[in-house]
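Notes to accompany the following structure.
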Amino acid sequence: MDLAALEEIRQLKYRYLRCVDLKRWDEIAEVFTADASAEYGTHAVRGQLSLHGRDEIVGYLRDNLGPEITTVHRCGQPEITINGDKATGTWSFEDTVIAMTYRVWIRGAAFYEDSYERGADGRWRISHTGYRRIYETLSSFDDTPSLRFLDTMWTATASSGEAGAAEKTG
Amino acid sequence: MDLAALEEIRQLKYRYLRCVDLKRWDEIAEVFTADASAEYGTHAVRGQLSLHGRDEIVGYLRDNLGPEITTVHRCGQPEITINGDKATGTWSFEDTVIAMTYRVWIRGAAFYEDSYERGADGRWRISHTGYRRIYETLSSFDDTPSLRFLDTMWTATASSGEAGAAEKTG
Amino acid sequence: MDLAALEEIRQLKYRYLRCVDLKRWDEIAEVFTADASAEYGTHAVRGQLSLHGRDEIVGYLRDNLGPEITTVHRCGQPEITINGDKATGTWSFEDTVIAMTYRVWIRGAAFYEDSYERGADGRWRISHTGYRRIYETLSSFDDTPSLRFLDTMWTATASSGEAGAAEKTG
Numbered sequence: 002m003d004l005a006a007l008e009e010i011r012q013l014k015y016r017y018l019r020c021v022d023l024k025r026w027d028e029i030a031e032v033f034t035a036d037a038s039a040e041y042g043t044h045a046v047r048g049q050l051s052l053h054g055r056d057e058i059v060g061y062l063r064d065n066l067g068p069e070i071t072t073v074h075r076c077g078q079p080e081i082t083i084n085g086d087k088a089t090g091t092w093s094f095e096d097t098v099i100a101m102t103y104r105v106w107i108r109g110a111a112f113y114e115d116s117y118e119r120g121a122d123g124r125w126r127i128s129h130t131g132y133r134r135i136y137e138t139l140s141s142f143d144d145t146p147s148l149r150f151l152d153t154m155w156t157a158t159a160s161s162g163e164a165g166a167a168e169k170t171g
Numbered sequence: 002m003d004l005a006a007l008e009e010i011r012q013l014k015y016r017y018l019r020c021v022d023l024k025r026w027d028e029i030a031e032v033f034t035a036d037a038s039a040e041y042g043t044h045a046v047r048g049q050l051s052l053h054g055r056d057e058i059v060g061y062l063r064d065n066l067g068p069e070i071t072t073v074h075r076c077g078q079p080e081i082t083i084n085g086d087k088a089t090g091t092w093s094f095e096d097t098v099i100a101m102t103y104r105v106w107i108r109g110a111a112f113y114e115d116s117y118e119r120g121a122d123g124r125w126r127i128s129h130t131g132y133r134r135i136y137e138t139l140s141s142f143d144d145t146p147s148l149r150f151l152d153t154m155w156t157a158t159a160s161s162g163e164a165g166a167a168e169k170t171g
Numbered sequence: 002m003d004l005a006a007l008e009e010i011r012q013l014k015y016r017y018l019r020c021v022d023l024k025r026w027d028e029i030a031e032v033f034t035a036d037a038s039a040e041y042g043t044h045a046v047r048g049q050l051s052l053h054g055r056d057e058i059v060g061y062l063r064d065n066l067g068p069e070i071t072t073v074h075r076c077g078q079p080e081i082t083i084n085g086d087k088a089t090g091t092w093s094f095e096d097t098v099i100a101m102t103y104r105v106w107i108r109g110a111a112f113y114e115d116s117y118e119r120g121a122d123g124r125w126r127i128s129h130t131g132y133r134r135i136y137e138t139l140s141s142f143d144d145t146p147s148l149r150f151l152d153t154m155w156t157a158t159a160s161s162g163e164a165g166a167a168e169k170t171g
């Protein structure tokens with residue numbers, strides 16, 4: 002069991018998701034192989050989405066996850082199998098997406114099925130990432146009239162039932 | 002510190018929970034010792050539940066988690082202690098159970114207290130699993146009139162306030 | 002890569018959060034260095050909070066997280082870097098705080114930025130912990146009239162719309 006490689010792959014996955022949630026688009030390219038593919042199964046956007054190549058994946062994330070969209074990607078429970086310079090990994094996953102402008106939550110769970118490759122430089126990268134949804138929901142801030150955002154990283158807050166921007170100063 | 006055994010036990014736990022959420026009842030038996038016991042502290046069903054033996058545990062899961070029930074079991078924060086061919090583990094845990102027919106969410110958190118054993122075949126298995134609830138709630142879809150299921154793995158969706166099955170095509 | 006030290010630091014972090022959620026204030030002091038600092042960015046209390054020294058941190062937790070407050074701290078996705086007897090770690094984090102008396106939920110996500118030190122006794126401790134919020138919300142039980150607490154570890158339950166204490170017996 003190559004425990005160091007397992008740790009490298011875990012940290013690779015965590016770096017990828019952190020770069021998504023912190024919108025670090027310049028940093029994120031490095032986690033993918035040049036010919037990486039991604040299948041994001043979020044029905045909130047337009048059904049199953051297939052992206053091909055590092056540039057297309059990073060471009061998609063950059064174009065669709067601007068400051069009006071807050072994301073929290075939480076994965077864990079890695080079952081990683083290494084075979085030489087290739088590896089596969091299954092992960093449990095929950096995500097929260099907040100679209101402040103539209104005043105909606107998108108929340109769900111899934112299982113990731115990823116592939117990884119170790120390059121000539123000895124670094125592991127994601128060669129494929131995709132997931133199967135267990136469920137995904139959409140609901141409006143309007144369902145919870147008392148809702149207040151006490152803090153937000155990306156936007157002035159949009160509270161239910163009152164002017165929210167004043168909350169931003171916390 | 003036997004790091005390989007720690008990794009094996011983590012992957013054992015993750016496989017167990019993945020088999021639950023994906024309803025892989027034929028695969029799940031292998032994660033338990035023949036005389037394994039389980040204490041599931043979910044009050045949604047009938048208070049504390051004690052199950053004895055691999056067959057009773059798997060039978061309970063199969064009988065109670067049919068396609069009308071969607072589950073998401075998320076555990077992490079493992080504190081595992083190994084003592085020869087036995088081990089114990091504490092895990093933080095959150096679960097989401099969606100009963101589409103009854104249009105309810107059951108959500109909560111707990112700490113697992115597990116025991117594990119390494120068999121003559123060198124494989125670790127769960128000999129006991131149980132948890133203490135921090136909290137568990139039940140609430141209806143009716144509280145959130147805007148709720149829509151954009152995707153579900155197991156059932157046609159049941160949205161609030163409109164015919165949900167049409168959403169299934171996403 | 003010092004895999005044993007990585008595991009020790011992970012278990013340290015998990016022990017810390019478990020002691021918070023289980024209110025084990027006598028046990029928790031041991032996870033901090035004597036001069037540890039903490040920056041808890043929860044706006045629900047009073048904006049950014051800076052604590053200095055193990056005693057002040059433990060005192061703050063003990064004074065503010067009594068039995069009327071239920072907490073669930075879930076962290077994962079550790080990116081830990083070790084440099085001799087010092088280390089840094091970034092973690093993804095979600096928390097749920099339930100204030101039964103006030104009938105509110107406080108929920109949010111953040112990234113922890115921690116520092117760790119290995120003492121003369123060979124044990125790792127937290128020398129600094131702090132986080133940057135992605136978002137934090139506050140909402141009332143009153144938004145979800147059907148809400149029932151099926152189980153709670155710390156308090157008699159406070160349900161929406163009915164006398165909740167009767168639920169405590171499960």
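Residue numbers (this note's numbering), protein chains in the order written: chain A, 2 to 171; chain B, 2 to 171; chain C, 2 to 171. Note that the Cβ used here is the ideal one computed from N, Cα and C, for glycine as well.
query: Contact list for the segment 118-152 of chain B against chain C, Cβ threshold 8 Å; result: R133, R134, I135, Y136, E137, T138, L139, S140, S141, D143, D144 and T145
query: Neighbouring residues, chain B, relative to G77 (chain A) (Cβ below 7 Å); result: R75 and G77
query: C-beta contact flag for V98 (chain B) and A110 (chain A) at 8 Å; result: no
query: Alpha-carbon to alpha-carbon, R108 (chain B) and L7 (chain B); result: 29 Å
query: Per-residue burial, E95 (chain B) [other beta carbons within 10 Å of its own, 16 or more giving buried]; result: buried
query: Where the segment 9-23 of chain B meets chain A: residues whose CB sits under 9 Å from a CB there; result: E9, R11, Q12, K14, Y15, R16, L18, R19, D22 and L23
query: Classification of D152 (chain C) by the beta-carbon crowding that lies within 10 angstroms, buried from 16 upward; result: buried
query: Segments of 4+ residues assigned as alpha helix (DSSP H) that fall wholly inside the segment 44-130 of chain B; result: 55-65
query: Residues near S140 (chain A) in its chain [Cβ-Cβ closer than 6 Å; skip 5 each side]; result: W106
query: E69 (chain B), buried or exposed, once every other Cβ within 10 Å from all chains shown has been counted against 16; result: exposed
query: E31 (chain A) versus G85 (chain A): straight-line alpha-carbon distance, rounded; result: 21 Å
query: Helix, strand or coil at R25 (chain B) according to DSSP, with G and I counted as helix; result: coil
query: Contact with chain A by G109 (chain C), beta-carbon distance below 8 Å; result: yes
query: Beta-carbon proximity check, E118 (chain B) vs S128 (chain B), cutoff 8 Å; result: yes
query: Chain A contact for A5 (chain B) (CB, 8 Å cutoff); result: yes
query: Segment contact flag, the segment 7-17 of chain A with the segment 47-64 of chain A, C-beta cutoff 8 Å, min 3 pairs; result: no
query: CB contact check: E95 (chain A) to chain B, cutoff 8 Å; result: yes
query: L7 (chain A), DSSP secondary structure in three states; result: helix
query: Distance, Y61 (chain A) Cα to T138 (chain A) Cα; result: 22 Å
query: Beta carbon proximity, E80 (chain C) to chain A, threshold 8 Å; result: yes
query: Counted within 10 angstroms of its Cβ, other Cβ atoms place D36 (chain A) as buried (16 or more) or exposed; result: exposed
query: Unbroken beta strand (DSSP E) run spanning L151 (chain A), endpoints; result: R149 to T153
query: Within 8 Å, strictly: CB atoms of T34 (chain C) and R19 (chain C); result: no
query: T89 (chain A) at chain B interface by Cβ criterion, 8 Å; result: no
query: F112 (chain B) and R126 (chain B) closer than 8 Å at C-beta; result: no
query: DSSP beta-bridge partners of F33 (chain A); result: A:I127
query: Amino acids of chain A, ordered along the chain, whose beta-carbon sits closer than 8 Å to that of M154 (chain B); result: R133, R134, I135 and Y136
query: Test item: CB-CB of L4 (chain C) and L23 (chain A) under 8 Å; result: no
query: 8 Å contact criterion, which F150 (chain B) and Y136 (chain A) should meet: CB distance rounded; result: 6 Å
query: Distance CB(V59 (chain A))-CB(I29 (chain A)) smaller than 8 Å; result: yes
query: Residue environment, R177 (chain B), which counts as buried when at least 16 other CB atoms sit within 10 Å; result: Chain B is shown only over 2 to 171; residue 177 (chain B) falls outside these bounds and no answer can be derived.
query: Residues bridged to Y136 (chain C) (per DSSP); result: A:T153 and C:A110
query: Contacts that Y112 (chain C) makes with chain A (C-beta to C-beta distance below 8 Å); result: This sequence places Phe at residue 112 (chain C); Tyr is not what is there. Residues of chain A passing the Cβ test: R19, D22 and L23.
query: Contact under 8 Å by Cβ, S116 (chain B) with T89 (chain B); result: yes
query: Residue-chain proximity (M101 (chain C), chain A), Cβ-Cβ < 8 Å; result: no
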